[in-house]
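*Asks:*
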Amino acid sequence: KAGYGTAVREIPSMNDAWYNALNKIDMEAAPDAIINSWWDFGHWFKMIGNRAVTFDGTSQNTPMAHWVGKSLITRDEKQAISILRMLDCGSHRAFDELDAVIQHPAESIDLLNDVILLSRTGAERRLEQAGVEDTEAVLQYTHCDPPENYYITSQDMIGKSGVWGHFGSWDFWRASMYNEVNNKNNIDGIKILMDEFEMSEEEADKIYYEIQTQDPNNWITPWPSYQGGTAGCSATEDMITCGNGLIFNRSTEEAFIPTQEGLKHLEAISIPTNDGLKIIEFSGNSVPLGAALIGKENSFSSILMSPELVGSTFTKLFFYKGHGSEYFEPFSYQRTVFGGEIFVWKVDWEGKDAYLVDEFIVQENEE
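Here the sequence shown stands for residues 293 to 659, numbered as in my numbering.
1) Can you tell me which of R301, G295, T427 and D308 puts its alpha carbon nearest to the alpha carbon of I634?
2) Taking 8 Å as the cut-off, does the stretch 364–373 touch the stretch 602–615 (at least 3 CB pairs, one atom from each stretch)?
3) Return the Cβ separation of N664 and N328 in integer angstroms, given the expectation that the two are a contact with Cβ distance under 8 Å.
4) Quick one: any contact between the stretch 390–404 and the stretch 460–468, if contact means 3 or more CB pairs under 8 Å?
5) From the DSSP output, in three-state form, read off L409 for me.
6) Quick one: what's got a C-beta closer than 7 Å to F489's C-beta in the same chain, skipping five residues either side?
7) Over what stretch of residues does the alpha helix (DSSP H) that includes Q504 continue unbroken?
8) From this set, S517, I484, I450 and C534, which residue's C-alpha is nearest N590's C-alpha?
9) Rounding to the nearest angstrom, what Cα-Cα distance links D661 and N315 in this structure?
10) Starting from S468, trace the alpha helix (DSSP H) in both directions and tell me its first and last residue.
11) Report the CB separation of M306 from W336 in whole angstroms; it is logged as a contact under 8 Å.
12) For P514, does the three-state DSSP call read helix, strand or coil?
13) Return the first residue and the last residue of the alpha helix (DSSP H) that G382 is part of.
14) So, is Y443 buried or exposed, given that buried needs 16 or more other C-beta atoms within 10 angstroms?
15) Could you check whether the stretch 641–651 touches the stretch 607–622, counting it as contact only if at least three pairs of C-beta atoms, one from each stretch, sit closer than 8 Å?
16) Within the stretch 546–591, note down every full beta strand (DSSP E) run reaching 3 residues or more, in order along the chain.
17) Under a three-way DSSP split, which group does S453 fall into?
18) Just to confirm, is the Cβ distance from L538 to E559 under 8 Å?
19) Is there a C-beta anywhere in chain B that falls below 8 Å from the one on V360?
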């Protein structure tokens with residue numbers, strides 16, 4: 293009876309909004325198009341969208357988790373597009389080819405992050421400088437003529453941000469340090485950090501102690517996430533005050549949050565402009581928190597987040613509906629009966645003038 297009751301009360305995750313969003317891809321996308329998003333609904337994408345995906349539930353523990361996460365958390369839209377091109381050209385094979393030569397994962401990742409941002413000619417030159425003789429073995433997976441790409445940002449991904457943000461911001465150098473010295477004694481561990489990672493003795497001693505005493509997942513990389521949902525704001529000519537505590541001075545463009553020690557700056561905040569997004573960063577007397585201010589004139593909402601997510605690809609494409617994007621074209625928008633939003637974007641590999649959303653543009657007679 294308990295099982296029957298559970299089945300009767302179960303509300304499927306699949307709904308009309310998701311079906312319509314994915315069916316539109318099936319009806320309109322090129323046969324070789326690829327769908328990119330976080331892995332959770334990858335099987336839906338394959339079944340209903342009828343197209344290949346970068347990864348899904350069967351491949352969630354593969355390197356694609358880092359790259360898709362990085363495409364979501366980066367502020368650099370060109371970097372996001374370059375990552376997607378690499379994934380569409382050859383999944384994680386570019387790294388495999390590169391590391392077979394470099395034989396040091398952290399160095400290979402750094403080099404690959406450089407290469408994907410360059411033109412094919414520039415990338416070839418950079419690889420040659422790094423000692424890679426068979427450059428085509430890498431370039432075929434980083435600089436091919438990519439197929440159509442559909443990129444999905446959806447409501448459920450807000451709550452999953454800690455995970456995709458964690459994998460996307462993975463620090464391969466810290467991971468390498470951990471793997472090298474975790475099981476070493478104090479003398480050997482500190483020597484490795486000094487010799488292989490070029491640290492001073494004082495710094496090596498500090499890092500060795502951290503590695504031995506902290507959870508590796510937390511030490512290697514944080515878990516950047518959104519703090520709850522959006523909160524309403526009240527606005528005057530000079531100030532915007534929000535239900536989540538955010539205070540924004542419109543004249544000085546300073547953002548504050550109340551703490552037990554009084555008002556303190558956030559580390560960063562994004563605000564919409566007529567041209568896209570403006571990111572304002574603060575140093576000194578700040579708390580490790582960021583925010584997105586959403587709206588215009590006297591109608592605003594806001595959401596708090598880890599500073600790493602301010603201005604990120606996901607923040608721009610979901611909370612700002614793509615405002616200011618040069619590489620993501622709106623393809624489909626759906627809203628579930630529970631209010632969850634689904635944005636499907638078609639990638640423009642060449643880039644264009646920024647896509648601007650009317651609800652964030654202040655007309656001259658509105659100012």
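Just so it is clear, CB atoms sit at the ideal spot from N, CA and C, and this is done for glycine as well.
*Replies:* Quick look at the numbers:
1) D308
2) yes
3) This structure cannot speak to residue 664, because the chain is shown only from 293 to 659.
4) yes
5) coil
6) M469
7) E493 to T505
8) C534
9) Residue 661 lies beyond the stretch modelled for the chain, which goes from 293 to 659, so this question has no answer here.
10) F464 to V473
11) 6 Å
12) coil
13) E369 to G382
14) buried
15) yes
16) 546–551, 554–565, 568–573 and 578–588
17) helix
18) no
19) Included in the structure is just one protein chain, with no chain B present.
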